[in-house]
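Note that the numbering used here has the sequence shown beginning at 2, numbered continuously upward. Contents: one structure, followed by commentary.
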Amino acid sequence: MRKKELRLLVTFHTTADAMAMEKTCKRYHIPGRIVPVPRMISAGCGISWCAPLEERERIVDAMRKTGIEKEALHECMI
């Protein structure tokens with residue numbers, strides 16, 4: 002079982018934005034992965050991007066550069 006850590010979760014309105022986020026993060030070498038949205042959070046498409054907290058600035062910058070729309074940014078134990 003994976004140890005729970007405080008992580009950054011980016012939620013999206015659409016699955017297309019979540020998939021675009023995965024592609025963008027691979028291109029910019031930003032660590033993270035696609036995960037289901039935890040029950041404690043209500044989000045549009047049910048898919049989120051999970052990444053280390055220290056990547057927040059790089060993630061927000063990459064989304065701005067590529068036009069990816071987030072629903073919200075959350076800090077959660079995952």
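Quick reminder that beta carbons are idealized off the backbone N, C-alpha and C, glycines included. Predicted model only: the values in this text are computed from it and were never measured.
- prompt: Which of helix, strand or coil does DSSP assign to residue 36?
  reply: Stepping through the sequence shown from its first residue, residue 36 is reached at position 35. It is a strand residue.
message: Which residues does DSSP list as the beta-bridge partners of residue 75?
response: In the sequence shown, counting from the first residue as 1, residue 75 sits at position 74. According to DSSP, residue 75 shares a beta bridge with 10.
- prompt: Ends of the alpha helix (DSSP H) at residue 26?
  reply: Here the question's residue 26 lines up with position 25 in the sequence shown. Where residue 26 is concerned, the enclosing alpha helix (DSSP H) starts and stops at 16-28.
query: Excluding the five sequence neighbours on either side, which residues of its own chain have a C-beta within less than 8 Å of the C-beta of residue 45, listed in chain order?
result: Mapped onto the sequence shown, residue 45 falls at position 44. Excluding positions up to five away in sequence, the list reads 12, 13, 14, 15 and 72.
message: According to DSSP, simplified to helix, strand and coil, what is residue 44?
response: What you label residue 44 is simply residue 43 of the sequence shown in a count that begins at 1. Residue 44 falls in the coil class under three-state DSSP.
Nearest-angstrom beta carbon gap, residue 23 and residue 54 [assumed within contact, 8 Å]: In the sequence shown, the residue the question calls residue 54 occupies position 53. In the sequence shown, the residue the question calls residue 23 occupies position 22. The Cβ separation is near 19 Å, so there is no contact.
query: Rounded to the nearest angstrom, how far is the Cβ of residue 9 from that of residue 56, given a contact under 8 Å?
result: Residue mapping note: residue 9 aligns to position 8 of the sequence shown, counting from 1. Residue mapping note: residue 56 aligns to position 55 of the sequence shown, counting from 1. A Cβ-Cβ distance of about 7 Å is found for the pair residue 9 and residue 56, placing them in contact under the 8 Å criterion.
Spatial distance of residue 21 from residue 63 (CA atoms): Counting from one through the sequence shown, the residue named residue 21 turns up at place 20. Counting from one through the sequence shown, the residue named residue 63 turns up at place 62. Computed Cα separation, rounded: 11 Å.
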